[in-house]
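Trainee: Structure provided below as structure tokens; questions to follow.
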Amino acid sequence: MEQNIILIGFMGSGKTTNGRRLARKLNMDFIDTDSLIEEKNKISIEEIFKRYGEKYFRKLENETILSLSNCKNKVISTGGGIILNNRNIDILKENGIVILLESSVDNICNNLKNSYKKRPLIQKKNWKEDVRILMKERKEIYENSADIIVNVDGKKHNQIVNEICCIIKERA
-18 MEQNIILIGF MGSGKTTNGR RLARKLNMDF IDTDSLIEEK NKISIEEIFK RYGEKYFRKL
42 ENETILSLSN CKNKVISTGG GIILNNRNID ILKENGIVIL LESSVDNICN NLKNSYKKRP
102 LIQKKNWKED VRILMKERKE IYENSADIIV NVDGKKHNQI VNEICCIIKE RA
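Just so you know, we're using my numbering here: the sequence shown kicks off at -18 and counts up by one.
Structure (structure tokens):
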């Protein structure tokens, strides 16, 4: 496969976990944009948000997407807010298929509660309500950005990966 497979979705939807598994199954390299940003800047995303703010982080995110524009045959897991910049999606779609991992608020909250990662946009006491609001704000953008939508609620990782593989085969 020459095309990249790009996973988008809300934080906690399983982009990184499923992306790694998908890459292994398809014998492709895996790239996580958030990890690239942290490695390049030698600082956590949480710390970038604290020190420099969201706008600066979004700039770094866009630079990272631009740096990946010539990649081929990769599974790319993106940050939850990648869709906030239309140019990011345009760049990713130029040589890839964009798959939205769609999930319910309850599933996202459960995943985030059990996550080892700190999420800068949901640090408050009422974070579950913040998740609801953010998901509602982004839902249409996610759907409009995706070539394919895969609902992940109630599915094991291998089921999600197999479903994506089947869809990709059908499109080939």
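Glycine is no exception: its CB is placed at the ideal position from the N, C-alpha and C atoms.
Could you give the distance in angstroms between the alpha-carbon of Glu228 and the alpha-carbon of Asn107?
Mentor: Given a span of -18 to 153 for the chain in the structure shown, any question on residue 228 remains unanswerable.
Trainee: Would you report the Cα separation of Asp71 and Thr59, rounded to the nearest angstrom?
Mentor: So the alpha carbons of these two residues sit roughly 14 Å apart.
Trainee: In this structure, does DSSP put Phe11 in helix, strand or coil?
Mentor: strand
Trainee: With H, G and I counted as helix, E and B as strand and the rest as coil, what does DSSP make of Ile24?
Mentor: coil
Trainee: Mark Lys(-4) as exposed unless 16 or more other C-beta atoms lie within 10 angstroms of its C-beta, in which case mark it buried.
Mentor: Buried.
Trainee: Taking C-beta to C-beta, are Val56 and Asp128 nearer than 8 Å?
Mentor: Cβ atoms of Val56 and Asp128: not closer than 8 Å.
Trainee: Quick one: complete alpha helix (DSSP H) runs, 4+ long, within the segment 107 to 136?
Mentor: 108 to 126
Trainee: If you compare alpha carbons, which of Asn54, Tyr37, Lys31, Lys120 is closest to Gly0?
Mentor: Asn54
Trainee: Does the segment 41 to 51 come close enough to the segment 1 to 10 that 3 or more CB-CB pairs lie under 8 Å?
Mentor: no
Trainee: In three-state DSSP terms, what is Tyr97?
Mentor: Residue confidence is low: Tyr97 scores 49 on pLDDT, short of 50, so the model does not pin down where it sits. Its coordinate-derived value is still stated next. If DSSP states are grouped into helix, strand and coil, Tyr97 belongs with coil.
Trainee: Just to confirm the assignment, what range does the beta strand (DSSP E) spanning Ser(-6) have?
Mentor: Unbroken run through Ser(-6): none, as it is neither H nor E.
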